[in-house]
Amino acid sequence: MIRMKITKNFNKSEFECSCGCEMPKDVQYNVQKLANQLQVLRNITGKPISINSGYRCPDYNDNVVKGAKNSQHKLGKASDIVINGIEPDVTAEILESLIINGEVLQGGLGRYNTFTHYDIRKIKARWDYRK
3 MIRMKITKNF NKSEFECSCG CEMPKDVQYN VQKLANQLQV LRNITGKPIS
53 INSGYRCPDY NDNVVKGAKN SQHKLGKASD IVINGIEPDV TAEILESLII
103 NGEVLQGGLG RYNTFTHYDI RKIKARWDYR K
């Protein structure tokens, strides 16, 4: 498999749907934009970021992971991430600060026990599903 770099630290393959389907061109554009934002986060923290979930095709999102009907993952605008050595809540706080300072795009920020959701939907959306 050829690893196509889309930023200094991210490859396209990290954002591909888990079902193995082909990523549509318009989704690739969104993934590139998202990866650019995550690269800012990577540069700030100096730590690798794992993409648990990036693009999800509609079938995979709706039927396999039972994702939200209007999930930003289906557009290639969302990622569920983990930063090695940084708690998910701290990751969310860092992202919030970067958004406030205009260093990354405004969008969705979701807090979960084991990962942080970040998306580039253009409008502010916040949720907390920690237990």
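First residue of the sequence shown: 3, per the numbering used here; consecutive thereafter.
Just so it is clear, CB atoms sit at the ideal spot from N, CA and C, and this is done for glycine as well.
Residue i - partner residues in DSSP beta bridges
i    : result
V84  : S52
I119 : Reading off the sequence, residue 119 comes out as His, not Ile. For H119, which the question treats as bridged, DSSP gives the partners D82, G112.
Cβ-based burial, residue i [other Cβ within 10 Å; buried from 16]
i   : result
K76 : buried
S73 : buried
T93 : buried
S99 : exposed
G56 : buried
Secondary structure of residue i, DSSP reduced to three states
i   : result
K71 : coil
N2  : In the structure displayed, the chain extends from 3 to 133; residue 2 sits before or after that span and is not available.
K7  : strand
V42 : helix
S20 : coil
Segment limits, beta strand (DSSP E) that includes residue i
i    : result
D130 : 127-130
8 Å contact criterion, which residue i and residue j should meet: CB distance rounded
i    : j    : result
L111 : R128 : 5 Å
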